[in-house]
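Enquirer:
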Amino acid sequence: MKLSPVDICLSHDWPQYMESHGNYNNLMRRKPHFRADAEAGRLGSPPLLEVLKKVRPSRWFSGHMHVKYEATFKHADQGGATSAAASSSGATVKEANPDEIQIDFDDDDDDEAPPQQQSEPGPEASSSQASSSAIHSRPGASETKFLALDKCLPKKDYLEIIDFPAPLDNDPPKFTFDTEWLGIVRATNQYLSRTKRQQSLPADNVLRPLIEESIRWVKDNVGENKDIAELQSFSMTSPGPDPAFQESNRLPQ
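The sequence shown runs 73 to 325 under the numbering used here.
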């Protein structure tokens, strides 16, 4: 079964090793406290790295680290496997321009990134480590453009506007339920853990037929790409701001 390609992924944390696929030296100059975690393979999320290599979106956006950072993750031809270090993976790390003036506005003491969880080296740390994912690699982008933004404060790089092509038949735009995702959620619901530990998903030969069956169930009982407005309606549940506050262009805090 081949699932549809994914164009955009959003996550709070970065995928593991993403720092090695951009201007690593510049990042370490701006965030020197990242170095220990980066060298130990603890910077970023190992599960998100596996999602990145399996799904292969064209764009990936994250936050968490409180710094703007751009990178390009080039997917290998076979299985999306790349190595951790830029020197061994062939990932291009842009050399810093010696004439470039770096302005760091990180003058606040609370800008330290949240501590990274201790974890074993991720899939890229060892080429012989087998993946536990039950989702096969599927055709996707040959490279993923990664962008992380800073926190929303004055003089921070927290906003960037990017244009994406839109389907010609989606005017005006509308939200729809994704048929494949509903099928995946239905098939894997029985494996959802409500404890601290998430049990491993079953092997491909077990999970794939469940997903295929669930997708067929969704198509028969829910419909394909059903408009959310058919099932959910949004309405005001509390009064709006007091007109008195609108005169001063301030809302109550």
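Glycine included, each C-beta is placed from N, C-alpha and C at the ideal position.
The structure displayed is predicted, hence computed values, not measured ones.
Leaving out five residues on either side along the sequence, give the residues of the same chain with a beta carbon under 7 angstroms from the beta carbon of tyrosine 230.
Expert: Numbered from 1 along the sequence shown, position 158 holds the residue referred to as residue 230. Here the set comprises Leu221, Asp222, Lys223, Cys224.
Enquirer: How would you call histidine 84, buried or exposed, if buried means at least 16 neighbouring beta carbons within 10 angstroms?
Expert: Here residue 84 corresponds to residue number 12 of the sequence shown, with the count starting at 1. Classification for histidine 84: exposed.
Enquirer: What first and last residue would you give for the alpha helix (DSSP H) that runs through leucine 124?
Expert: The count along the sequence shown starts at 1 and reaches residue 124 at position 52. That run of the alpha helix (DSSP H) goes 118-127.
Enquirer: Would you identify the three-state DSSP class for phenylalanine 236, choosing helix, strand or coil?
Expert: Counting from 1 along the sequence shown, the entry for residue 236 is found at position 164. It is coil, neither helix nor strand.
Enquirer: State the start and end residues of the unbroken alpha helix (DSSP H) segment that holds glutamate 252.
Expert: The residue you call residue 252 lines up with position 180 of the sequence shown. Looking at the DSSP string, the run of the alpha helix (DSSP H) that includes glutamate 252 is 251-260.
Enquirer: Restricting to Cα atoms, I'd like to know which of Val127, Met100, Pro87 is closest to phenylalanine 133.
Expert: Here residue 133 corresponds to residue number 61 of the sequence shown, with the count starting at 1. Among Val127, Met100, Pro87, the Cα nearest to that of phenylalanine 133 belongs to Pro87.
Enquirer: Compare the beta carbon distance of glutamate 91 and alanine 110 with 7 angstroms and say whether it is the shorter of the two.
Expert: Mapped onto the sequence shown, residue 91 falls at position 19. Mapped onto the sequence shown, residue 110 falls at position 38. Yes; because the gap between Cβ atoms is below 7 angstroms, this pair is in contact.
Enquirer: Using the C-alpha atoms, what's the distance from leucine 124 back to glutamate 285?
Expert: The count along the sequence shown starts at 1 and reaches residue 285 at position 213. The count along the sequence shown starts at 1 and reaches residue 124 at position 52. Approximately 25 angstroms, taken between the alpha carbons.
Enquirer: Under DSSP, the beta strand (DSSP E) around lysine 54 begins and ends at which residues?
Expert: Outside the shown range of the chain, which is 73 to 325, sits residue 54, and nothing can be said about it.
Enquirer: Among all the DSSP beta bridges, which residues are the ones paired with leucine 82?
Expert: For the purposes of this step, residue 82 is taken as residue 10 along the sequence shown, with counting starting at 1. Answer is Phe133.
Enquirer: Report the option in Lys126, Pro237, Leu273, Thr248 whose CA atom is closest to the CA atom of leucine 75.
Expert: Here residue 75 is taken as the residue at index 3 of the sequence shown, counted from 1. Closest option to leucine 75, Cα to Cα, is Lys126.
Enquirer: Any idea if glycine 295 is buried or exposed, counting beta-carbon neighbours within 10 angstroms, 16 or more meaning buried?
Expert: Counted from its first residue, the sequence shown places residue 295 at position 223. Result: exposed.
Enquirer: Suppose you measure from the CA of proline 281 to the CA of isoleucine 256; what does that come to, to the nearest Å?
Expert: Reading the sequence shown from its first residue, position 209 is the one you call residue 281. Reading the sequence shown from its first residue, position 184 is the one you call residue 256. Each residue's Cα considered, the two are about 11 angstroms apart.
Enquirer: Under 8 angstroms by Cβ, that's how I've got glycine 94 and alanine 148 pegged, so tell me the actual separation to the nearest angstrom.
Expert: Position 22 of the sequence shown, counting from 1, holds the residue named residue 94. Position 76 of the sequence shown, counting from 1, holds the residue named residue 148. Not quite, the Cβ-Cβ distance comes to about 18 angstroms (not below 8 angstroms), so this is no contact.
Enquirer: Would you say leucine 115 and phenylalanine 106 are within 7 angstroms of each other, going by their C-beta atoms?
Expert: Position 43 of the sequence shown holds residue 115. Position 34 of the sequence shown holds residue 106. Taking 7 angstroms as the Cβ cut-off, leucine 115 and phenylalanine 106 qualify as a contacting pair.
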